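To start, the structure itself, in structure tokens.
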Amino acid sequence: DAGVTQSPTHLIKTRGQHVTLRCSPISGHKSVSWYQQVLGQGPQFIFQYYEKEERGRGNFPDRFSARQFPNYSSELNVNALLLGDSALYLCASSRFDSTDTQYFGPGTRLTVL
Amino acid sequence: AQSVTQLGSHVSVSEGALVLLRCNYSSSVPPYLFWYVQYPNQGLQLLLKYTSAATLVKGINGFEAEFKKSETSFHLTKPSAHMSDAAEYFCAVSEGVGFQKLVFGTGTRLLVSP
Chain A
25 DAGVTQSPTH LIKTRGQHVT LRCSPISGHK SVSWYQQVLG QGPQFIFQYY EKEERGRGNF
85 PDRFSARQFP NYSSELNVNA LLLGDSALYL CASSRFDSTD TQYFGPGTRL TVL
Chain B
4 AQSVTQLGSH VSVSEGALVL LRCNYSSSVP PYLFWYVQYP NQGLQLLLKY TSAATLVKGI
64 NGFEAEFKKS ETSFHLTKPS AHMSDAAEYF CAVSEGVGFQ KLVFGTGTRL LVSP
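Here the protein sequences come in this chain order: A and B. The numbers in the first sequence follow this note's numbering, run straight up by one, and end at 137. The numbers in the second sequence follow this note's numbering, run straight up by one, and end at 117.
Here is the structure:
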């Protein structure tokens, strides 16, 4: 079975631009979560979506938004990029229950210049 | 809020030696705990998880972890290190009411020398 897939692999943007990152969950998983991993740190929770609704949000500004589509894939959007948004963005899918394993994709490396 | 603390940003061992990576958690409710591994330029792979069943949890690649409530610890061990174990290891606790959020530690980089 295919794992979590993310696109693109790498992305370079300049300050003030907008970016869209994409994620496809494991077949049968209805929940997608997004995490930001700054170099040298652990991942930080951004959002969780389940059945196309936002179920949880981390401590990130409104410049960050996401949505989930009927096929359970998801997009993460970041507006007005800042240098500090440079990070590895990880997508994880799960069935949803708090004990379920979250399976992570390979990530999208975003560099903001 | 729940949190985890990983002691030691870097741990160095020789091939064949015992691996011990430390994780302490802070939680007001019985926690769900996870260990993930991250190889360079890759995502996170689950090693094992504790969900209030057996306190000794066995994972993949010969790793195991023991949940000790009295010490609020969930240390990761492997009896004999292999060169392929060199990676970044993250301990995480699950929190959230009505949603699932993983709170990660800062990670421990395991270095394995021949």
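Idealized CB from N, CA, C, for every residue including glycine. All values derive from a computational prediction rather than experimental measurement.
Neighbour list for residue i in chain B, Cβ cutoff strictly below 8 Å
i, result
"A:Gly131", "Gln45, Gly46"
Integer-rounded CB distance, given that residue j should sit under 8 Å from residue i
i, j, result
"B:Asn27", "B:Val7", "7 Å"
"B:Phe77", "B:Ala89", "Going by Cβ atoms, the distance from B:Phe77 to B:Ala89 rounds to 22 Å, so no, they are not a contact pair."
"B:Lys72", "B:Val60", "Contact doesn't hold; Cβ gap of about 14 Å is too wide."
Assigned exposure category for residue i - 16 Cβ within 10 Å defines buried
i, result
"B:Pro34", "buried"
"A:Ala104", "exposed"
"A:Ser117", "buried"
"B:His85", "exposed"
"B:Gly46", "buried"
"A:His42", "exposed"
"A:Val136", "buried"
"A:Phe93", "exposed"
"B:Leu79", "buried"
C-alpha gap between residue i and residue j, whole angstroms
i, j, result
"B:Leu23", "A:Ser89", "39 Å"
"B:Thr109", "A:Gln65", "5 Å"
"B:Leu114", "B:Leu21", "12 Å"
"B:Ser15", "A:Gly52", "40 Å"
"A:Tyr127", "B:Val106", "15 Å"
"A:Ser31", "A:Glu75", "21 Å"
"A:Ser110", "A:Gln72", "21 Å"
"B:Ala95", "B:Gln5", "10 Å"
Residue i CB to nearest heavy atom of the ligand ATP below 6 Å
i, result
"B:Lys81", "As for the ligand ATP, it is missing from this structure, which has no ligand bound."
Proximal residues of chain A, C-beta to C-beta of residue i below 9 Å
i, result
"B:Gly99", "Phe69, Gln72, Arg79, Gly80, Ser122"
Chain B contact residues for residue i, given Cβ-Cβ distances below 7 Å
i, result
"A:Phe128", "Gly46, Leu47"
Under 9 Å from the C-beta of residue i: neighbouring residues of chain B
i, result
"A:Leu63", "Chain B residues near A:Leu63: none, gap ~11 Å exceeds 9 Å."
"A:Thr125", "Phe37, Leu49, Lys52"
"A:Leu114", "Gly46, Leu47"
Proximal residues of chain E, C-beta to C-beta of residue i below 7 Å
i, result
"B:Gly110", "Included in the structure are the protein chains A and B, with no chain E among them."
Closer than 7 Å at the beta carbon, the chain A residues around residue i
i, result
"B:Leu105", "Phe69, Gln126"
Could I get the ranges of all uninterrupted beta strand (DSSP E) runs contained in the stretch 30-62 of chain B, with 3 residues as the minimum, in chain order?
Whole beta strand (DSSP E) segments, 3+ residues: 35-41, 47-53, 59-61.
Mind listing, in chain order, the continuous beta strand (DSSP E) runs of no fewer than 3 residues lying wholly within the stretch 56-114 of chain A?
List check, beta strand (DSSP E) in window: 68-74, 77-81, 88-92, 98-102.
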